[in-house]
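In what follows, a structure is listed as structure tokens, so that the remarks can point back to it.
Residue numbers (the UniProt record's numbering): 1 to 395.
Structure, rendered in structure tokens:
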């Protein structure tokens with residue numbers, strides 16, 4: 001992303017609560033989660049839905065009725081039928097990639113106002129049978145779990161947790177280090193919940209039922225843990241000598257997130273107040289077998305491009321797909337642990353894969369403003385051996 005004399009700015013952002021797998025938000029379609037977040041982001045930005053020209057929405061499990069989920073999000077949120085929409089799938093980086101593509105749309109002059117973000121209902125993924133249309137013979141059939149398919153490495157055909165074990169082995173990360181990291185993530189999240197530090201991010205989801213409406217306004221995934229509980233958990237992906245457990249890995253979750261983007265000149269002309277500037281975005285690729293380590297070169301790439309160092313950053317969101325990958329990145333880049341996920345990360349909050357990139361981007365923006373710091377960075381690994389990173393400046 002090249003520097004511009006008319007920067008891309010954020011006017012407003014919002015997310016739904018993050019639902020735990022199979023819990024409160026499991027019954028809410030992904031497009032409704034996305035539209036709920038988009039509606040709140042637009043209201044906070046002071047922009048009407050029918051003024052938005054382009055909607056860019058990340059989603060990994062966009063199958064069946066959700067094959068064109070971006071358009072469903074847009075129409076559900078009140079978009080003009082003359083607006084356009086695009087669905088983005090860069091797996092875990094989809095929400096952040098959607099923001100980058102929205103920025104590109106604005107830079108080109110094709111649009112003046114863009115809604116970008118992501119949505120995912122991992123609980124509602126269907127079971128799959130890719131051979132059904134070829135006809136059935138006698139005998140049993142095996143259905144593929146659509147949720148598991150989203151988090152399976154397509155090259156070695158193993159769960160993503162196996163790649164986390166690969167990272168732990170290659171970069172020398174112990175079970176004890178992972179559990180300590182996970183414990184701190186949960187502690188920070190509990191503190192944030194108690195203090196209301198994430199309340200400004202959230203817009204509630206209303207679920208209508210036969211007995212009336214249910215309002216979901218609280219994140220479901222954070223939980224109180226102890227060192228003893230974490231140590232007692234069995235390893236999931238490698239029984240002998242393994243290190244990755246359910247306690248030191250991110251969750252499987254449901255949520256939507258969105259932000260309203262424009263050019264600085266448009267914001268000024270309309271009398272709107274920007275929150276932050278998207279300074280830059282980048283992406284990298286590495287060996288899929290150790291995909292979790294990819295944020296390290298992504299961080300290095302984006303900082304080198306601007307002749308910055310990690311010391312210039314006042315807030316860092318490093319998505320915790322697994323403690324096994326977050327620990328060596330913090331160590332090898334010499335990051336200040338106090339500045340990395342200060343409110344906790346995906347181990348505590350959860351990881352609704354298509355939405356997470358937008359969630360952590362917005363969290364970076366919000367907390368640069370709260371802390372009075374200037375520059376922040378959000379980054380995440382991506383299954384298949386990639387990472388994305390975005391650099392933000394508070395305004």
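Glycine included, C-beta positions come from ideal geometry on N, C-alpha and C.
Ranking 311, 361, 352 by CA distance to the CA of residue 338 puts 311 first. When DSSP states are grouped into helix, strand and coil, residue 263 belongs to the strand group. Under the DSSP definition of a beta bridge, residue 185 lacks any partner. Three or more Cβ pairs closer than 8 Å define a contact, and the segment 293-305 meets that threshold against the segment 372-385.
If you compare the alpha carbons of 93, 65, 48, 35 with that of residue 77, the shortest gap goes to 35.
One alpha carbon belongs to residue 243, the other to residue 137, and they sit about 42 Å apart. Distance from the CA of residue 261 to the CA of residue 47, rounded to the nearest whole angstrom, comes to 10 Å. With fewer than 16 other CB atoms across the displayed protein chains lying within 10 angstroms of its CB, residue 127 is exposed.
Residue 218 carries a coil assignment under DSSP once its states are collapsed to helix, strand and coil. Per DSSP, the beta-bridge partners of residue 90 are 92.
By the criterion of a C-beta distance shorter than 6 Å, residue 125 is surrounded in its chain by 61, 146, 147, once the five residues flanking it on both sides are discounted. Scanning the segment 76-138 from its first residue to its last, the whole beta strand (DSSP E) runs of 3-plus residues come out as 84-88, 113-121. For residue 330, the enclosing alpha helix (DSSP H) stretches over residues 323-333. In the DSSP annotation of this structure, residue 10 is not part of any alpha helix (DSSP H); the continuous beta strand (DSSP E) holding it starts and ends at 8-15.
With 16 or more other Cβ atoms from the protein chains shown falling within 10 Å of its own Cβ, residue 178 counts as buried. Within its own chain, the residues whose Cβ lies closer than 8 Å to the Cβ of residue 287, once the five positions on either side in sequence are excluded, are 385, listed in chain order. Every alpha helix (DSSP H) stretch that sits fully inside the segment 235-308 and reaches 4 residues is listed by chain position as 264-270, 295-305.
For residue 150, the enclosing alpha helix (DSSP H) begins and ends at 146-150. If you draw a 10 Å sphere on the C-beta of residue 144, you find fewer than 16 other C-beta atoms in it, and that means exposed. Separation of residue 325 and residue 32 (C-alpha to C-alpha, rounded to the nearest whole angstrom) is 32 Å. In summary, residue 221 is buried, with 16 or more beta-carbon neighbours lying within 10 Å of its beta-carbon over all protein chains present. Below 8 Å, enough C-beta pairs join the segment 252-272 and the segment 100-115 to call them touching: three or more. For residue 159, the pairing in a beta bridge is given by DSSP as 152.
Per DSSP, residue 353 lies in no beta strand (DSSP E); the unbroken alpha helix (DSSP H) holding it starts and ends at 353-371. For the set 95, 55, 40, 29, the Cα lying nearest the Cα of residue 64 is the one of 29.
For residue 33, the enclosing alpha helix (DSSP H) stretches over residues 30-45. Your pair residue 250 and residue 350 checks out as a contact, with CB atoms roughly 7 Å apart and the cut at 8 Å. The Cβ-Cβ distance between residue 120 and residue 357 does not fall below 8 Å. Its chain contains 339, 340, 377 as the residues whose beta carbon lies nearer than 6 Å to that of residue 316, once the 5 sequence neighbours on both sides are disregarded; these appear in chain order.
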